[in-house]
Amino acid sequence: MSPSTAPSQPLNEESLEAPFDFSFVNTTARIAIYDDLRSAPRVVEIPPAETGLFIENLASTIYNQARTSGGSIPYTVIREVSENFIHARFQEIIVSIMDNGNTIRFADQGPGIASKDKAQLPGFSSAVEPMKHYIRGVGSGLPIVKDYLDVSHGSITIEDNLNCGSVITISLEKELSPVVAAPAGAPSSLAAAPQPPSPAIPSAGGKVAYQTPPMEQPAEAMPVNPAAPYPAAAAPANQPVPYYGAAYPQQNIYGQPAAYPAPAAYPYSAAPTHQRALGHTVIPHLSENARTVLRLLNNEGGPLRITDITEWTGIAPSSTYKILSQLEDQGLIARDLVNTKLRTLTDIGYQVAQALHD
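Mapping to the UniProt record's numbering: the sequence shown position 299 is 299, numbers consecutive.
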């Protein structure tokens, strides 16, 4: 029987001690998208694949489907929880997207999480060396998720599954989702202006397992090619990026920032009240802390981690995380293509940072 067709077996103490090949996921994950709880969900399958690609395919498809449903949970949060499936050896993965994309439930039939409180604290981890080729393995994933949701009026719960395994549910209140909104006093037309559609995220080889009427079918996306990750000019802010390398190599790509398209410029006479023109650069509405972060990235001349920004600015980690998410949404910063924990200025971000110095 080939790896792709081998049935998964429930994990017990004996099987956990047996050698396991973490380089390939030989099970199929299922994503259920609920339009409402009165009808059957649409189901998308993520087929077996190399572990790094499988995690990327899973996280990208969840993010894409949640966004399409109207959700605002960031890709980074979804990615962190998706990586957690490696501890369950990817056994019987079921992801449920509900509440217009603002509630996502991740279920498995692995060994479960014995200490649910400690799992949400930094430094507690059950990761072993083979896993660390695909995840950081330092006990930071769920704490990052909890910290983000705490400051964003969201929640995370960890429960036991029915027979074995665990169920992690993350939720974000829609009306309080951390998106860039027009400040008070801005023209109503600006707040109501339709946003350009996000480029299609690859469905990661996922296929629709159960047919639904044509109007309800998710758009078929091009399959992921692991040998050809997004080019710098094609990775929009807050969109999934290529999966982690084996040892998280750092690559300084400053000087080659992602070429995010500049937002359509307003005529100066019609510029909204929350923006002001400086020469040829239009500065969006930014908090003082956001301005501080942009200046720091500009002064350092290279990508920085959240911990670097927190240490050098004195801004709390939770606030730093939220600021970076907002700056990504505005197209002012981008993630490093190799190490997604690093942020750097985009062309627009560099222009805005320079204008702030003037």
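From the three backbone atoms N, C-alpha and C, an ideal C-beta is built for every residue, glycine too.
DSSP lists no bridge partner for ILE78. In the pairwise beta carbon analysis, the segment 26-42 is classified as touching the segment 89-97: at least three pairs are separated by under 8 Å. Secondary structure of PHE85 (DSSP, three-state): helix. At the C-beta level, GLY349 and LEU332 come within 7 Å of one another. Nearest in C-alpha terms to VAL138, of all of VAL145, SER126 and ASN161, is SER126. With a beta-carbon spacing of about 22 Å, ALA107 and GLY70 fall beyond the 8 Å limit used to define contacts. Comparing alpha carbon positions, the residue from ASN102, LEU53, ASN64 and LEU286 closest to GLU83 is LEU53.
With distances taken between CA atoms, LYS118 lies nearest to ILE158 out of ILE158, GLY110 and PRO111.
For GLU45, the three-state secondary structure derived from DSSP is strand.
DSSP places PHE24 within a strand segment (E or B) once states are collapsed to three. In this structure, DSSP gives ALA353 a helical state, which the three-state scheme calls helix. According to the DSSP assignment, THR61 belongs to the alpha helix (DSSP H) that extends over 51-68. Between ALA59 and ILE46, the C-beta spacing is not below 7 Å. C-alpha of ASP308 to C-alpha of SER152: approximately 22 Å in a straight line. The C-beta separation of GLU92 from GLN109 comes to about 4 Å, placing the pair in contact by the 8 Å criterion. Per the C-alpha coordinates, the member of VAL25, ALA88 and LEU149 positioned closest to ILE78 is LEU149.
At least 7 Å separates the beta-carbon of GLY141 from that of GLU50. Using a 10 angstroms sphere on the CB of ARG38, the tally of other CB atoms stays under 16, which defines it as exposed.
Residue range 29-33 is occupied by the beta strand (DSSP E) that includes ALA32.
Residue burial annotation: HIS357 is exposed, with fewer than 16 other C-beta atoms found within 10 angstroms of its C-beta. With a cutoff of 7 Å on beta-carbon distance, ALA353 and ASN298 are scored as near each other. Taken in chain order, the complete beta strand (DSSP E) segments of 3 residues or longer contained in the UniProt domain "Histidine kinase/HSP90-like ATPase" (69-176) are 94-98, 103-107, 154-160 and 166-172.
CA-CA distance, PHE90 to ILE135, rounds to 14 Å. Closest by C-alpha distance to GLY101, out of PHE124, LYS132, ARG67 and LEU121, is ARG67.
Counted as a single uninterrupted DSSP element, the alpha helix (DSSP H) harbouring ILE309 occupies residues 306-313. Within the model, the alpha-carbon separation for TYR321 versus THR346 is close to 18 Å.
For SER23, the number of other beta carbons within 10 angstroms of its own is below 16, and it is reported as exposed. Counting along the chain, no alpha helix (DSSP H) covers ARG335; the unbroken beta strand (DSSP E) around it starts and ends at 333-335. Put simply, the backbone Cα of VAL145 is about 25 Å away from that of VAL43.
Where ARG291 is concerned, the enclosing alpha helix (DSSP H) starts and stops at 288-300. Boundaries around THR320 are those of the alpha helix (DSSP H), 317-329, since no beta strand (DSSP E) includes it. Closest in alpha carbon position to ASP21, among ALA88, PRO41 and GLY314, is ALA88.
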